[in-house]
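A short worksheet on the structure shown next.
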Amino acid sequence: MQYTVSTNSKVKAITMNGIVMALYLGLTILVAPVSSGPIQFRISESLNHLVVFNRKLMWGVLGGVVVYNFFFGFGAMDALYGGLQSFISLGLTALLQKRVPNVIARLALNTLFFTATMCIIAFMLAPAGGAAFWGNYATLALSEFATMAVAAPIMYWINKSVHFEKRL
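For the sequence shown, our numbering assigns the number 60 to the initial residue and increments by one for each residue that follows.
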C-alpha cells in the first residue's frame, strides 16, 4: 500500500491532536480540585492558545475539554456546555487566523473570547439566572481571564522555539 502526502498529513494531524488532548486531560487532572465548578483554574486552558498559532490543533483542545468534562466534571451536560463554549471561542479565533495577522492581537482576542463565553458555563451552573448566574459568571470569567492572560506570553515564548504553525 502506497502512502500519499495527504494520508501522512491526516495521520500527523490526528496524532498531534491526540497529544494535545492527552496534555489537556493530564494538566486538568493535575489540578483537579480547582478544575471544575464556579471557580476554575485549569492550567490546561493555556492550550486554548494553540489555535492562535495553528487552527488545526483546535480539535485536540476541544476533545480534551469534552472528555474531561464528561468523565471528571459534571457529566454529559458539562461536556455539552463546556464543549460548546470551547468550540465557539476556538472557532472565533480560528476564523481570525488570516484576518488578524498579529499574533499578539490574536492571543488577546482569544483570551477575551474565552472570558466572554464563560457565560455559557455560568448558565449551566445557574439556569434560572438572577444573582447566582451573575455571581458564577463573575468568578468564572475572572478565573478564565487570569489563566488565559498569564498563559498568553508563555505560549508566545514557547512558540518561538517550537513553531506550532509548522507542526501540521
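We put the CB at the ideal spot given by N, CA and C, even for glycine. The structure presented is a predicted model; accordingly, all values stated were derived computationally and were not measured.
For H108, the secondary structure class from DSSP, reduced to helix, strand or coil, is helix. Residue burial is scored here from C-beta neighbours: G132 has at least 16 other C-beta atoms within 10 angstroms and is therefore classed as buried. Rounded to the nearest whole angstrom, the C-alpha separation of L171 and S94 is 20 Å. When DSSP states are grouped into helix, strand and coil, N128 belongs to the helix group.
For S68, the secondary structure class from DSSP, reduced to helix, strand or coil, is helix. Only residues of its own chain outside the window of five on either side were considered, and among them T174, M177 have a CB closer than 6 Å to the CB of A200, listed in chain order. I147 is positioned such that its CB atom lies no closer than 8 Å to that of G119. Between the beta-carbon of S105 and that of T206 there is about 7 Å, and that keeps the pair under the 8 Å contact cut. In the three-state DSSP reduction, V90 falls in the coil class, being neither helix nor strand.
Judged by DSSP in its simplified three-state form, T198 adopts helix.
V70 counts as exposed, since fewer than 16 other beta carbons sit within 10 angstroms of its beta carbon.
For the pair A181 and A135, the Cα-to-Cα distance works out to about 16 Å. By the Cβ neighbour-count rule, G85 is exposed, with fewer than 16 other Cβ atoms within 10 Å of its own. In summary, V124 is buried, with 16 or more beta-carbon neighbours lying within 10 Å of its beta-carbon over all protein chains present. The beta carbon of R114 is closer than 6 Å to those of A153, Q156 in its chain, skipping five residues each way along the sequence. According to the DSSP assignment, T152 belongs to the alpha helix (DSSP H) that extends over 135–154.
Scanning L82, L168, F112, L143 for the CA closest to the CA of V221 turns up F112.
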